[in-house]
Structures are given as C-alpha cells and as structure tokens.
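To keep things clear, I will list the structure first and then write my remarks on it.
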DNA sequence: TCGTGTCAAGATCTT
DNA sequence: AAGATCTTGACACGA
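In this note's numbering, the protein residues as written are 405 to 710.
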C-alpha cells in the first residue's frame with residue numbers, strides 16, 4: 405500500500421489553515437484585542453483545517469502536513485499568557501476524531517530556524533520550545549506516533565562528526581512526547597543519506613529519506629541498497645519518504661512545480677514489496693498530486709493505494 | 001483593488 | 001564584523 409500526500413496548502417484555495425498575524429500588529433492592540441485577534445486566527449485555521457481534511461478525503465488523500473503557523477505565534481513571548489490548548493480543546497478533539505475516523509496521517513515539519521544540533525544555548529532552548537509546540541498540537545489531537553515531526557540534522561559548524569554527535573546529545577534533552585515523534589531527514593547540502601541513517605540508527609529514531617536531496621548530495625551510493633535499513637528505522641510505524649523533482653539541470657536543487665511521472669514510477673516500482681507513505685514536495689501541492697495520479701493511470705501504472 | 005515592504009526565527013557565504 | 005542569501009507565502013498598509 406502506497407499513499408501520497410502534500411504539504412500545508414491547497415493550490416487553488418484561499419482558505420488554508422496557515423492564517424497568521426504579526427508581532428507588530430499585535431503590539432498595537434490592547435491585551436483584550438490581542439487575545440481576540442489570536443483566537444480569531446486560530447479559529448479560522450481550525451475551520452480551514454476541517455475543510456482541507458474533507459477535500460483530502462474526497463480525493464483519497466490520507467497524508468497531509470500541518471502548516472507550522474497553525475497556532476499563530478505559538479512559541480513567541482507575545483502569546484505566553486494565551487492558553488490556546490485549553491480554549492480550543494473541543495476543536496482539537498474534533499480534528500483528532502475526524503482524522504482517526506478517516507485514517508488521515510498528519511505530520512509536521514518545524515521551520516528551518518529550529519536547529520537541534522546548534523552550539524548556541526538560546527537557539528537550543530527555542531528549538532526545544534518549537535518542537536514541543538508541534539508535539540503538543542498532535543498530542544492534543546490524540547494522534548499516534550505515525551504523526552511525526554520531521555527535522556534536519558542542522559549546521560555543520562566546521563566539524564561534521566562533532567555536529568552529528570551534538571544532535572544525538574541534544575536529542576536526549578528533549579521531552580518524551582517530542583522524542584517519540586521526532587524523525588530526521590537527509591538534506592541536500594550537508595548531511596547525506598548515510599550520515600542521517602547512521603545517526604538515526606545510533607539514536608533509535610526513524611529516518612525520512614528525501615529522494616531528491618539524495619540525488620543532490622551523495623557519494624555515489626545506490627539508494628536502493630539502503631532502503632531495507634532505512635525502513636527498519638521505522639519499526640512498526642509506517643515509513644515515510646519525501647519525493648520531488650528538480651526544477652532543471654542548471655537549478656537542480658530547486659523543486660519543480662510538478663512531479664516527473666517517469667522518475668516517480670521508476671522509483672516506486674523498485675519498492676513494490678513495501679508499504680509506505682510519500683510526501684510530494686512541490687509548488688503545485690495537491691494539484692501536482694492529482695496530476696501525477698492521472699499520469700500514472702494513463703500509463704497503466706496502479707499499485708495499491710495510489 | 002493592487003503593489004510593495006515586512007515578517008519570529010539561524011547558518012553560511014560574501015564583502 | 002556586518003550584510004546578503006537561502007526560500008517563500010501571506011499579511012498589512014499605503015497609493
């Protein structure tokens with residue numbers, strides 16, 4: 405069984421669950437008006453989330469990434485007096501129940517400013533706070549540990565090996581509810597598939613293989629040789645991959661608007677023995693997913709789930 | 001209504 | 001040491 409998903413927003417909808425406000429805007433308001441504004445944004449995001457879930461189910465899409473901004477400025481000081489978890493208990497329950505009923509897998513990708521292997525204590529603190537926020541949202545929705553938080557290793561700081569080990573050390577400082585959800589993805593400039601696989605095996609957490617990043621950064625390793633080891637890191641959980649297509653030869657690292665169906669079908673057919681989820685990362689979001697499906701169908705390619 | 005500056009945040013490269 | 005870049009969409013404001 406192979407399931408496809410997309411990240412955060414529907415291409416043609418203005419009603420995505422990523423509405424936000426700014427600190428500057430909130431600072432102009434009285435404490436009461438500030439709370440009102442924050443509540444209004446989160447309520448809108450919940451409404452839009454339920455809407456996008458319904459759209460996804462209609463289109464048999466059961467993997468979806470929650471925008472990090474879902475709770476506006478959740479980790480910023482300006483919202484520290486706002487008990488959003490308590491105020492929105494009903495909405496969290498409702499979203500969780502809907503996902504359980506329809507078997508939707510929700511995941512998240514904390515922003516690139518959250519870096520667990522940082523050597524700066526303040527950055528470490530804000531990173532732990534950010535990861536904790538993401539985990540808390542999933543906890544409040546009652547989601548199981550297939551709802552993972554995907555992060556990268558982080559910076560190199562002129563010493564790759566030491567930076568990998570600092571990730572492992574800092575991982576031990578995380579609260580339990582973050583540890584049970586955190587997974588690491590290989591990136592396209594610093595930490596390769598081998599680096600991340602070794603790290604994940606050492607810590608005992610799952611690895612997300614990003615196929616495009618591997619194409620950007622590798623030492624000639626054959627991806628398919630490592631698939632069994634990567635899948636093993638997931639234990640009883642459902643493995644998850646990231647897939648995207650290069651924009652062009654001259655700008656290879658950038659994501660194309662769509663997924664190249666030939667490359668995708670070739671990759672999937674090499675993994676036909678396995679069950680897993682694939683997050684498609686490209687500008688055209690849900691449209692790219694539905695287009696890819698049509699192209700595969702046209703080519704007579706239809707593994708279970710797709 | 002439309003165009004534009006700004007946004008919570010870090011690492012790394014450039015000057 | 002300071003500034004630009006990465007990447008990137010959407011908010012908020014002023015024309």
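Using N, Cα and C, we set each Cβ at its ideal position, and we do this for glycine too.
**Message:** Quick check on residue 698: buried or exposed, where buried means 16 or more other Cβ atoms within 10 Å of its Cβ?
**Reply:** Within the first chain, the letter at position 294 stands for residue 698. For residue 698, the number of other beta carbons within 10 angstroms of its own is below 16, and it is reported as exposed.
**Message:** So, for residue 584: in the same chain, excluding its five sequence neighbours on each side, which residues have a beta-carbon less than 6 Å away from its beta-carbon?
**Reply:** Counted from its first residue, the first chain places residue 584 at position 180. A distance below 6 Å between beta-carbons, with the five flanking residues on each side excluded, links residue 584 to the following residues of its chain, in chain order: 549.
**Asked** From this set, 473, 622 and 406, which residue's C-alpha is nearest residue 467's C-alpha?
**Response** Counted from its first residue, the first chain places residue 467 at position 63. The candidate whose alpha carbon is nearest that of residue 467 is 406.
**Prompt:** With which residues is residue 611 paired in a DSSP beta bridge?
**Reply:** Along the first chain, read from residue 1 onward, the residue named residue 611 stands at position 207. According to DSSP, residue 611 bridges with 588.
**Item:** Nonlocal neighbours in the same chain, by C-beta distance under 6 Å from residue 657, ignoring five residues either side
**Value:** If you number the first chain from 1, residue 657 lands on position 253. These residues qualify, in order along the chain: 592 and 620.
**Request:** Kindly indicate which residue of 423, 577 and 539 has the alpha-carbon position closest to the one of residue 489.
**Result:** Along the first chain, read from residue 1 onward, the residue named residue 489 stands at position 85. Checked all of 423, 577 and 539; the closest Cα to residue 489 is 539.
**Message:** Could you compute how far the alpha carbon of residue 497 sits from the alpha carbon of residue 508?
**Reply:** Counting from one through the first chain, the residue named residue 497 turns up at place 93. Counting from one through the first chain, the residue named residue 508 turns up at place 104. Residue 497 and residue 508: Cα-Cα distance of roughly 14 Å.
**Asked** With which residues is residue 406 paired in a DSSP beta bridge?
**Response** Your numbering for residue 406 matches position 2 in the first chain. The beta-bridge partner set that DSSP reports for residue 406 consists of 680.
**Item:** Bounding residues of the alpha helix (DSSP H) (the contiguous stretch that carries residue 438)
**Value:** Indexing the first chain from 1 puts residue 438 at position 34. Its alpha helix (DSSP H) spans residues 435-462.
**Request:** Please classify residue 480: does DSSP put it in a helix, a strand, or coil?
**Result:** On the first chain, position 76 is the one that residue 480 refers to. Correct three-state label for residue 480: coil.
**Request:** Give me the Cα-Cα distance between residue 478 and residue 517, rounded to the nearest whole angstrom.
**Result:** Here the question's residue 478 lines up with position 74 in the first chain. Here the question's residue 517 lines up with position 113 in the first chain. Near 15 Å, if we compare the C-alpha coordinates of residue 517 and residue 478.
**Message:** Starting from residue 696, trace the alpha helix (DSSP H) in both directions and tell me its first and last residue.
**Reply:** Against the first chain, residue 696 aligns to sequence position 292. Unbroken alpha helix (DSSP H) run through residue 696: 689-702.
**Asked** Given residue 631, which residues of its chain have a CB within under 7 Å of its CB, disregarding the five upstream and five downstream residues?
**Response** Translated into positions along the first chain, residue 631 becomes position 227. If we look at residue 631 and ignore the five residues flanking it on each side, its Cβ neighbours are 675.
**Prompt:** Three or more beta-carbon pairs under 8 Å between the region 640-652 and the region 417-431, yes or no?
**Reply:** Result no; under three Cβ-Cβ pairs closer than 8 Å.
**Chain-order list of residues whose beta-carbon lies under 8 Å from that of residue 623 (same chain, five-residue window excluded)** = For the purposes of this step, residue 623 is taken as the residue at position 219 of the first chain. Counting only Cβ-Cβ distances below 8 Å, and skipping sequence neighbours, we find 596 and 598.
**Request:** Could you please give me the residues that DSSP links to residue 647 through a beta bridge?
**Result:** Counted from its first residue, the first chain places residue 647 at position 243. Answer by DSSP bridge pairing, in chain order: 684.
**Item:** Same chain, Cβ closer than 6 Å to residue 552, five either side skipped, listed in chain order
**Value:** In the first chain, the residue the question calls residue 552 occupies position 148. Counting only Cβ-Cβ distances below 6 Å, and skipping sequence neighbours, we find 511, 585 and 587.
**Item:** Separation of residue 566 from residue 503, as counted between CA atoms
**Value:** Residue mapping note: residue 503 aligns to position 99 of the first chain, counting from 1. Residue mapping note: residue 566 aligns to position 162 of the first chain, counting from 1. Going from the Cα of residue 503 to the Cα of residue 566 covers about 40 Å.
**Request:** Give the DSSP-derived three-state secondary structure of residue 554 in the structure shown.
**Result:** Numbered from its first residue, the first chain carries residue 554 at position 150. Secondary structure at residue 554: strand, using DSSP grouped into helix, strand and coil.
**Asked** With respect to the alpha helix (DSSP H) encompassing residue 657, which residues constitute its N-terminal and C-terminal limits?
**Response** The residue labelled residue 657 in the question sits at position 253 within the first chain. Per DSSP, residue 657 belongs to no alpha helix (DSSP H) and is neither H nor E.
**Request:** Just list the beta strand (DSSP E) runs in the region 517-571, keeping only unbroken ones of 3 residues or longer that don't cross its boundaries, in chain order.
**Result:** 553-555
**Asked** Does the region 525-533 come within contact of the region 425-438, defined as at least 3 CB pairs closer than 8 Å?
**Response** no
**Asked** When the Cα atoms are used, what is the spatial distance from residue 690 to residue 465?
**Response** Residue 690 sits at position 286 when you count from the first residue of the first chain. Residue 465 sits at position 61 when you count from the first residue of the first chain. If I take the Cα positions, the gap works out to 9 Å.
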